[in-house]
Each structure stands twice: as C-alpha cells, then as structure tokens.
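Asks:
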Amino acid sequence: MGLVRVLQYACLAVVVLGSIIPLYWIVLNAFRVDSEIAAYPPTFLPRSFTMEHFTSLFEVYGFQQYLINSMLVSTTATAAALVLGVMAAYGMSRFRYRAVRAVGELSLLAYLLPPILVLVPITQILIGNGLGDNRVALAVLYAATLLPFALWILRSYFNGLGIETEEAAMIDGCTRFGAFIRVVLPQALPGIVSTAIFTFNAAWSEYLFASTLMTSNEKLPANPAIFLLMGHMGTESWGLLMAAAITIILPVLVLFFMAQRWLVSGLTEGAVKG
Amino acid sequence: MRTRRSLSDRTLAHLLVAPALVLIGVFAVYPFGVAVLNSFNYVDINTGALTPVGMDNYVALVTDPQIRAAFGRSVYWTVANMVLQVGIGVLIAMLLNLNLRGQRIARVLVLVPYMVPAIVAALVFRFMFNDVTGVVNYALRSLGLIDEPLNWLSDPQLMMPTLVLVNVWKYTPFFVIIVLAKLQTIPRDLYEAVAIDGGGWRHRFTAVTLPSIIPVVIAGMMLRTIWTAYDFDVPFLLSNGGGPSGSAITVPLAIRSLAFEQQQVGVASALAVCTAILLTGALYFYLRGYKRSERSEG
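First to last, the sequence lines map onto chains A and B. The first sequence begins at -8 in the working numbering and counts up by one. The second sequence begins at 512 in the working numbering and counts up by one.
(1) Report the rounded CA-to-CA distance for Ala79(A) versus Val601(B), giving the unit in angstroms.
(2) Could you check if Gln668(B) is buried or exposed, using at least 16 other CB atoms within 10 Å of its CB as the buried criterion?
(3) Hey, would you say the C-beta of Ala531(B) is under 8 Å away from at least one heavy atom of the ligand PLP?
(4) Since Val94(A) meets chain B, which of its residues come closer than 7 Å, beta carbon to beta carbon?
(5) Please state the DSSP three-state secondary structure of Tyr102(A).
(6) Counting only runs of 4+ residues fully inside the segment 65 to 112 of chain A, write out the alpha helix (DSSP H) ranges in chain order.
(7) In this structure, how does DSSP classify Thr562(B) when only helix, strand and coil are distinguished?
(8) Express the C-alpha separation of Arg167(A) and Ala160(A) in angstroms, rounding to a whole number.
(9) Out of curiosity, what's the CA-to-CA distance linking Leu117(A) and Ala128(A)?
(10) Assuming Ser564(B) contacts Asn552(B) (C-beta within less than 8 Å), just tell me the rounded distance between them.
(11) Flag this pair as touching only if the segment 589 to 597 of chain B and the segment 715 to 735 of chain B have three or more C-beta atom pairs under 8 Å; answer yes or no.
(12) At 8 Å on the CB atoms, spell out the chain A contacts of Met593(B), in chain order.
(13) If we count the other Cβ atoms within 10 Å of its Cβ and call it buried at 16 or more, is Arg799(B) buried or exposed?
(14) Where does Val627(B) sit, in a helix, a strand or coil, going by DSSP?
(15) Quick check for students: name the residue ranges of the beta strand (DSSP E) that lie wholly in the segment 207 to 247 of chain A, counting only runs of 3 or more.
(16) What three-state label does DSSP hand Val621(B) in the structure shown?
(17) Since Trp663(B) meets chain A, which of its residues come closer than 9 Å, beta carbon to beta carbon?
(18) With DSSP run on the structure shown, which of helix, strand or coil describes Val7(A)?
(19) Once DSSP output is grouped into helix, strand and coil, what is the label at Asn608(B)?
(20) With DSSP run on the structure shown, which of helix, strand or coil describes Asn648(B)?
(21) Classify Tyr31(A) as helix, strand or coil using the three-state DSSP reduction.
(22) What does the alpha-carbon distance come out to for the pair Tyr52(A) and Met62(A)?
(23) So, for Phe49(A): in the same chain, excluding its five sequence neighbours on each side, which residues have a beta-carbon less than 6 Å away from its beta-carbon?
(24) Are the CB atoms of Ser758(B) and Ser750(B) nearer to each other than 9 Å?
(25) Can you round the beta-carbon distance between Leu138(A) and Leu75(A) to whole angstroms, since I take them to be within the 8 Å contact cut?
(26) Please name the residue in Gly583(B), Gly753(B), Thr558(B) and Leu534(B) whose C-alpha comes closest to that of Met670(B).
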C-alpha cells in the first residue's frame, strides 16, 4: 500500500471517529456509575456497568410520559403530513391546472419559511384561540410545517413514475382511485417511507415550538422536558442526562439504520430536484 | 377512453390540493401576514391590541446596539458555517468516493450526526466541552495541542467559534450526501480523458469534479443558508440560552427574547421581516449562480 493510500485510510478513520465519538460518549456515560463519570482524568473505556441512570430517569423523573407525548405528537403529525402530502403531490404531478400549480409554488415558499419567522404570530394565534398548551394543536402545527417538505419530495417521486401503467390500469377498468391504490402507491412506497422517516425525525427533534407553546409539564414532549432533569446551580447528573439522550436518539437512529439506503436517495432528490 | 369516472379531473385535482392549501394558508401565509402587520405596530402582549407606530420598529433595529450585534453574529455564524460545511463536505465526499475498503459502512456512519436531534447534540457537547472536567480539553492537553484549558462555553470570545464547530459537525453530512451522490454519476472516462491529455489530479479536480458538483453545491447552499441563518436550536441550547454576556445571541435568539422576554413583539416582527428580506436577496444571487453553473455544466 502506497503512502497516499495510507493517508487516505487515516483520513477516513478520522472522519468516521469524529462523526461517532459523541455518540460513543453518550452510551459510555449512560451506563457507568457516577464516580467513574466524574473521575479526572477521564477514562475512555467502561469499568463498571449500571442501569441506575435509566431507573432514575423512568422511576424518579417519569420520563416515559414525555417520550409518549413526543411519540403521539410526532406520529400524528407524520401521518397527517403524509396523507395530505400524498394527495396534493399526486394532484400536482398528474394535473396541470393553474390553481394546482399555484399551490405548488406557494408550498415551495412555505418550505423556505423558517419557523422562527412565524413563531410569534403562531403563538399569538394558538394561545389566542385557547390552543396554547394542547398536544393536538402542536401535532397539527407540525403537520403544517412539515407538509411543504413532504409535498415536494413526494411530487418528485410521482413525477418519476411513468403515467403509462396507471393509464393502462384505467383502460382495463380500474377507477382512478383503484389505479392509484394498486399501481401508483406500491411504486412510490420507497419515496413515501423515506419521506415519512424524515418527517417523523423533524417532528421528533423539534424544540422551538414545543418549548414555547407547551406550558404544563405533563404535556411536554421529550426534547424540552430534558430541562426538567437539570439540577439548579449547574449540578447536572451527566449519567441521567446521557440516559435521556439515548431515549431521544434511539427511535431516530433505529429508523435511520433500517432505511438508510432509501434515505440517501430521498434526501438527494429533495435537495437536488426539489 | 376513460371509464367509470364519478368526478371530473378538474374537480378531483382541486380537491386533492385543497387540504394542503388550507393548512399552509393557516400556518404559513396568515402568520407571515400577521408578522408583517405587527412590524408596523406596537403590540400589547396581553390584549393583542395594535397601535400603529409607522417605521419605528425598523428604526429600532438600526439604532439598538444589541440588535446590531446580533446581526453581526448571525452573519459570522452563517458565513462560517457555509464555508466550513461546504469545504469539509466536499473533501469528505471525495474521500468516500475513492473506493476504499470499508467505505460502505463509513458512508452510513458519517451521516449519523445529521440525524442526531439538536438537543442531544447540545447536551453531549456541553458535557464534552466543559471547561474544567471536559474530555475535549483533557484530550487536547494530553496531545500537547494546548497548554491551558480553553473555556469553550464560558469565554465570550470563544462562544461563536464553539457553536460553529458543533453545527459544522451536525450539518456537514448534508453536503457529503448530495455531493457524493453527484460524484457517483460522473463517468469514469471523463477523468481518463483528462489523464490522457497529461492532466494531474489538480487538473482533474478543476476540469471534471468541480464543474459537475457546483450546481448541487449551490442548490444545497441555497437551502442551508436560510436554515442556518434562522437556526435557533443549536445556538440556544448549546449556549444555554444565549451564552455569557449574550455572546451567543444571534438574530433568531434575539427575535424570541424580544418577543417573549422584553415584550417587544413589534420590534421582534420587524427583525424577522427584515432578515427575511435580506435572505431573499441572498437567494436571488444563489439562483443566478445556479443558473450560470448549470449552463456551463451542460
């Protein structure tokens, strides 16, 4: 192996390690005892194994309540964004009426509209209508903010599917709806799955709206609820916080590894064609 | 020769997009309108009553030294992030396109930071960058790279660089993905043609690689510039709400603090609208660059 190749492998190792060391640090410290976490100089390999941080997370702090809140809000938002996104994306890719195209352009603008820009008005509107501290309202809000992204990714998938098989099915006696269910949907499934995962991930990771709108502790999603685990005066239990971090990161990473092949193509489509 | 249609295509098409239109109207168009309206008014936070103040809120943006400082930090934050993410992203993508052993698994692992929620990234980096007990300072001192521990998160001078560093870790994979996907479509014979003409790796890069990745890089930068400029989560969470003496207060943090802590909804809205206008301008230049690069590629 030449010197250049050795250098290339060295760079690859640095890049991969740099990407995953923070995750290693989370896992390492979530499962070792406090005395080992606090030891200085720090140690890089575990000498103890404990579940005490998770026990305290669930039994003392009741963190499962916040994870359930997150799961409910994220799945509702994802389902709503996908159903409406599939409908609109199919409509936009198959029909070229002016009003339909205008909705497409509007949703592209909405896609580029950052949450912080509308945070204040949306807070005013929701709280003004008595929907401030409401998990359903939060899910609907997420669905609305994620819809433009879902719509554009799905549209590029539907555009990529030939219209011929669909027309053939309709000539063979299928209704348009039947052709959509039997011909279009199965072909678009990879696109729908990758869109679903990105949408779920975005809803699951959202912090700004959740922390601003949800005022009662028992309705908090897991992200802002992390702050309930922090001691006052900076006395953090890092083991506890890293255990909470694992519960937040796990669903996202499981989905990612299950579907990473589709995700890459989905993200590329969205970024390049969208 | 279509059969069994109960709805006309026209009605169906409009029914399909109507729910999306309603949702986007209620949660994007209407709030944006409210933001613009608010920016010309004094907003009573309790009653929601509006008192017109003309351009006063916009004047406040220019005269308030703290808002000007937030603007400055946002420019630094956005430019530094884009330069580093694109530069490092392209390098990593090229590294992952070399047909090295283990690159399949490496390609998956380098994407992990992109999936990590901001709150988790902020937590673990606060832990690792701790001034006294943090593992980063320990490692750098053991390697002899620094003599004294760096106050990553408590030195106002170091605050913004630390934020940029973490954000680059989290978002560089986005550019890796899109550039790598493009690199894989470049036909091998293009490189061979340059090699036959006697071109070295530098010539291969400027003659083949660069022209073909520039359009995707610009398209990606277009999206990422907007989202980075407006990113709230990483600066807010990593700096624990603004950092020592407000050294991490970028425009998004200033917007939220103006609206909810200082009860200056009008000024907060003016700041949001103003930034949107500036970013639309940036978008225009990206689009021009994108069209030019697409033409020269084709």
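Positions of the beta carbon are idealized from the N, C-alpha and C atoms, including for glycine.
Replies: Straight from the coordinates:
(1) Those two C-alpha atoms are separated by around 35 Å.
(2) By the C-beta density criterion, Gln668(B) is exposed, having fewer than 16 other C-beta atoms within 10 angstroms.
(3) Judged by which ligands are present, the structure shown has none, so any question about the ligand PLP falls away.
(4) The answer, in chain order, is Val528, Ala531 and Leu532.
(5) It is helical.
(6) DSSP runs (the alpha helix (DSSP H)) wholly in the segment 65 to 112 of chain A: 89 to 102.
(7) Strand, per DSSP.
(8) Cα-Cα distance, rounded: 9 Å.
(9) Within the model, the alpha-carbon separation for Leu117(A) versus Ala128(A) is close to 8 Å.
(10) Looking at the sequence provided, one finds Val at residue 564(B) rather than Ser. About 6 Å; that satisfies the 8 Å criterion.
(11) These segments touch.
(12) The premise fails here: Met593(B) is roughly 15 Å from chain A at the closest Cβ pair, so nothing lies under 8 Å.
(13) Result: exposed.
(14) Looking at Val627(B) - three-state DSSP - the assignment turns out to be coil, as it is neither helix nor strand.
(15) If we require 3 residues or more, the segment 207 to 247 of chain A turns out to have no beta strand (DSSP E) run fully inside it.
(16) Annotated three-state conformation of Val621(B) is coil, per DSSP.
(17) Residues of chain A with a Cβ closer than 9 Å to the Cβ of Trp663(B) do not exist, since the nearest Cβ in that chain sits about 14 Å away.
(18) In the structure shown, Val7(A) adopts helical secondary structure according to DSSP, grouped into three states.
(19) Looking at Asn608(B) - three-state DSSP - the assignment turns out to be coil, as it is neither helix nor strand.
(20) Helix.
(21) Coil, per DSSP.
(22) Straight-line Cα distance between these residues: approximately 18 Å.
(23) The beta carbon of Phe49(A) lies closer than 6 Å to those of Gln55 in the same chain, with the five residues before and after it left out.
(24) A contact, by the Cβ cut-off of 9 Å.
(25) Rounded, the Cβ-Cβ distance is 6 Å, consistent with contact.
(26) Comparing alpha carbon positions, the residue from Gly583(B), Gly753(B), Thr558(B) and Leu534(B) closest to Met670(B) is Gly753(B).
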